[in-house]
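Reading through the structure tokens given below for one structure.
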Amino acid sequence: MPPIWAESRQEVCESFDYFRSYQSGVYSLKDIVKGYLLGGSPASRDIFHCGGRLIVSHGGGKAESILDYRVGAARFQQAQDQEATDKSVRALLKSYTDKRPLVLLADDKYALFPYDLSASGCTYVVLGLYWISHAWAEYQPASNGCGRVVRWKFAFQWCEGQGNPWWISSESDDVDMLPDPIGGCRSAPRQDPSPPDAVVNMACNKCSQKSPVVYSQGWMCLNPSCTSFWSIGGRELEQLDYDASFLRPIKTVFTNLPELRPAKLIETMDSITTSYAFSKGWHCEKCGRLSSRFKWEHWECSYCQLIHKLPGRLRTAKEFWHQRPPAEFLHSQVGKQSGLRHHYHSLAFLPHIHATLAEIIACRPEPFELGDGGGFTNHLTFILPNERGRIHLLLGTPLANKQADEIFRQYQEQAEEGELLLRRYPLRLNCVSDRSNCIAVRGTFLTNYFSQNSGEPYQYVGGTGNTVPFDKAPSSVCGALALIKERSRLALQKDIPFNEVLSAAYMEKQKMSFHSDSERGLGPVVASLSLGSAAFMHFRARATSKEPKHSSSNVLTLILRHGDVLIMEGDGVQQHYEHTVIPMNFRIAATARCIGTA
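Numbering (the working numbering), first residue to last: 20 to 617.
As structure tokens, then:
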């Protein structure tokens, strides 16, 4: 197997620091390219030369593409000219100027790689460290209105000092691959028996910019803004061959090249195992596979099942008391640009307010007695416009949080011991997206949080196969359900027949993306208990087929703290709004629903 490989793009991005781009083939930080992905069919004059020690590739974006993979929503984008100021091209040119090494990766669709990666189950492989020896612009055929586009080409040369490429077992195994300029098939490069000279750079008579002699047919200006660009003697040539001197490796010595194999964590800071580093994937030293962390209790290789586990301590709610959310409000905020406003009326006064006001009514906090020695807390209610429902927030307090503290402890213990099987499950729609685009991602794509479902099956986490009945559920889940039922009964003055609990756990920097609990068969009341770190919960209007261009601004933001219980009351909450939860640190949430009772 290759020394570093993966089956999904998410595994690469979560486990390999040199490439963390889910969409672009170029990963850069502050105009410094870290990684470059080779994939798909080659363009004209892309080559895999000298066994992969010299690779020429076109890169930088603006290719012909489909922007949205959702059914009935595909949008086609024509290829466009690349410019030196484009983000990826600019970063690649800076790496070329600085002679800064970067990492090349390839996927199983990269046609010039001489070995079949898919036969071994490898979708992505790390080739090694390269540096850019040459960079230039040229024309490429395209199916746009002009029939061609400007593309930047980059010659990547293997960094000496890291041994031979892993796919080459001996000097006789060196394979040179060039695309056939007509059929796109592989062919051997033209051999020149004479030793090549160094690459010559010549200045253009019209623009005065220097360009290298890249092709054996002769020198041409490679400045796309020049009127002499891409022509020899005033005419463009269809057949071009690389000059022998251009294919000659340039002797360049790099010292202190980094180790590309990701190092596994072997110790913890203050015995905390919920920090960001523990949410990342890992590299299996046995088989080379990169794997996302999909089990809460340990890392596990998705290929050979090798396990890596580090013990950690339990965390308490007190550890998060110091958190100061970067917000100008204490518990809630109605969106400033949403056309909504606050109404500080008491609940008793609500019947006198017109029910169809196109505003969110933020009611004055009401004192709320918890009973059983729990003291008092505040009950915040938000009335949604046009009778769409209500959102309730019952605040936790140190006195009222004794149950929540115990449930928080139980969740951690039972998850650590494997009694509570917290897992990251595959998303149903295999893409990364914003509101306008949905870009397909190869391989399985996991949620950005860990979860476990108890009670009735919930399709959001895979249904029956990933659900534990309540009589076999851990005590943490049963305790959370009991607390949610009790607080919901006090707030709504009626018993809610919750029959399902989704437990979600977030390590540092994990979150739940925008969604709505609008699956068919769900009841009108959804309630959740927050444990651990504070979190922001944002609500925004749902984009629908009738109103696809709803503003993406948040209409309501709540801060959920340890012991808080949130209740969404009414079908309209899910039909007209979607919500996201962004924790500030390690957090657990238990969300109860009524399934099959609607």
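Ideal Cβ placement from N, Cα and C applies to all residues, glycine included.
Where does residue i fall in DSSP's three states?
| i | result |
| --- | --- |
| ALA207 | For ALA207, the predicted structure reports a pLDDT of 38, less than 50, and the residue's modelled location is therefore unreliable. A value from the coordinates is still provided. ALA207 falls in the coil class under three-state DSSP. |
| HIS595 | helix |
| TYR115 | helix |
| LYS314 | strand |
| ILE503 | helix |
| SER34 | helix |
| GLY498 | helix |
| ALA103 | coil |
| ARG625 | Because the chain in this structure spans residues 20 to 617, residue 625 falls outside the shown range and cannot be described. |
| VAL272 | coil |
| PHE387 | strand |
| GLU255 | coil |
| GLU475 | coil |
| GLU338 | helix |
| SER227 | coil |
| GLN352 | strand |
| LEU131 | coil |
| SER76 | strand |
| SER235 | coil |
| ASN220 | strand |
Per DSSP, what are the beta-bridge partners of residue i in this structure?
| i | result |
| --- | --- |
| GLY54 | TYR46 and VAL122 |
| HIS153 | ALA174 |
| PHE248 | CYS240 |
| ILE285 | In DSSP, ILE285 forms no bridge with anything. |
| VAL600 | MET531 and MET556 |
| MET526 | The partner list for MET526 (beta bridge, DSSP) is empty, contrary to what the question assumes. |
| ILE146 | Correcting the residue type first, residue 146 is Leu in the shown sequence and not Ile. Paired residue(s): none; LEU146 is not in a bridge. |
| ASN405 | Bridge partners of ASN405: none, in fact. |
| PRO160 | ARG167 |
| ILE291 | MET288 |
| PHE395 | GLU388 |
In angstroms, rounded to a whole number, what distance separates the CA positions of residue i and residue j?
| i | j | result |
| --- | --- | --- |
| TRP177 | GLN258 | 27 Å |
| SER547 | VAL584 | 6 Å |
| SER351 | GLY498 | 27 Å |
| LYS305 | GLY140 | 16 Å |
| SER63 | ARG612 | 56 Å |
| ILE379 | SER571 | 17 Å |
| LEU325 | ALA25 | 15 Å |
| LEU369 | MET526 | Per-residue confidence for LEU369 stands at a pLDDT of 48, beneath the threshold of 50, marking its modelled position as unreliable; the derived number appears in the next sentence. LEU369 and MET526: Cα-Cα distance of roughly 40 Å. |
| TRP340 | HIS581 | 9 Å |
| SER58 | ARG428 | For the record, residue 58 in the displayed sequence is Gly; it is not Ser. One C-alpha to the other measures close to 47 Å. |
| HIS364 | GLU588 | Because HIS364 sits at a pLDDT of 47, beneath the cut-off of 50, its placement in the model cannot be relied upon, and the following sentence gives the value as read from the coordinates. Their Cα atoms are separated by approximately 19 Å. |
| PRO184 | TYR149 | 11 Å |
| PRO277 | LYS283 | 15 Å |
| ARG559 | LEU403 | 12 Å |
| CYS226 | SER247 | 8 Å |
| GLU102 | ARG167 | 14 Å |
| HIS302 | ILE586 | 41 Å |
| ILE251 | ASP135 | 39 Å |
| GLY551 | ILE23 | 36 Å |
| PRO21 | LEU309 | 11 Å |
| TYR143 | VAL460 | 12 Å |
| ARG312 | ARG443 | 8 Å |
| GLN228 | CYS240 | 8 Å |
| ALA423 | LYS513 | 22 Å |
| ALA419 | THR396 | 8 Å |
| ASN255 | ALA296 | Reading off the sequence, residue 255 comes out as Glu, not Asn. Each residue's Cα considered, the two are about 53 Å apart. |
| LEU500 | GLU519 | 9 Å |
| LYS106 | ALA554 | 33 Å |
| ASN702 | VAL545 | Residue 702 cannot be examined here, being either before or after the span of the chain that is shown, 20 to 617. |
| HIS153 | PRO243 | 16 Å |
| PHE67 | ALA125 | 12 Å |
| ALA156 | VAL108 | 10 Å |
| ILE578 | GLY354 | 14 Å |
| ARG170 | CYS382 | 58 Å |
Report yes if the C-beta of residue i is less than 8 Å from at least one heavy atom of the ligand COA; otherwise report no.
| i | result |
| --- | --- |
| ILE586 | Ligands are entirely absent from the displayed structure, and the ligand COA is therefore not among its contents. |
Within 9 Å of any Cβ in chain D, is that where the Cβ of residue i sits?
| i | result |
| --- | --- |
| ARG461 | In the structure shown, chain D cannot be found, because there is only a single protein chain. |
Query raised in the report: Given 8 Å as the limit, is there contact between the segment 503 to 516 and the segment 428 to 448, that is, 3 or more CB pairs closer than that?
Result: With a cut-off of 8 Å, the segment 428 to 448 and the segment 503 to 516 do not count as touching, because too few Cβ pairs lie within range.
Query raised in the report: What are the uninterrupted segments assigned as beta strand (DSSP E) that are 3 or more residues long and contained completely in the segment 535 to 579, given in chain order?
Result: For the segment 535 to 579, whole beta strand (DSSP E) runs of length 3 or above, ordered along the chain, are 544 to 551, 554 to 560 and 575 to 579.
Report task. Scan the segment 412 to 445 and note each continuous beta strand (DSSP E) run of 3 residues or more that stays entirely inside, going in chain order. Result -> Taking only runs of at least 3 residues, no beta strand (DSSP E) segment lies wholly in the segment 412 to 445.
Query raised in the report: For the 8 Å Cβ check, are there 3 or more pairs between the segment 586 to 598 and the segment 528 to 548?
Result: Yes, the segment 586 to 598 is in contact with the segment 528 to 548.
Requested in this report: Could you tell me whether the segment 110 to 129 touches the segment 35 to 53, where touching means 3 or more Cβ pairs closer than 8 Å?
Outcome: Segment contact: the segment 110 to 129 against the segment 35 to 53, three or more CB-CB distances shorter than 8 Å; contact assigned.
Query raised in the report: If we count Cβ pairs, one from each stretch, closer than 8 Å, do we get three or more for the segment 484 to 503 versus the segment 458 to 467?
Result: The segment 484 to 503 makes no contact with the segment 458 to 467; the number of CB pairs closer than 8 Å stays below 3.
**Report entry** Touching by the beta-carbon criterion (3+ pairs, under 8 Å), the segment 320 to 335 and the segment 38 to 47
**Finding:** The way I'd put it, the segment 320 to 335 doesn't touch the segment 38 to 47; fewer than three beta-carbon pairs between them come closer than 8 Å.
Requested in this report: Examine the Cβ distances between the segment 31 to 40 and the segment 154 to 170 and report whether three or more of them are shorter than 8 Å.
Outcome: Touching, no, given that fewer than three Cβ pairs across the two stretches are closer than 8 Å.
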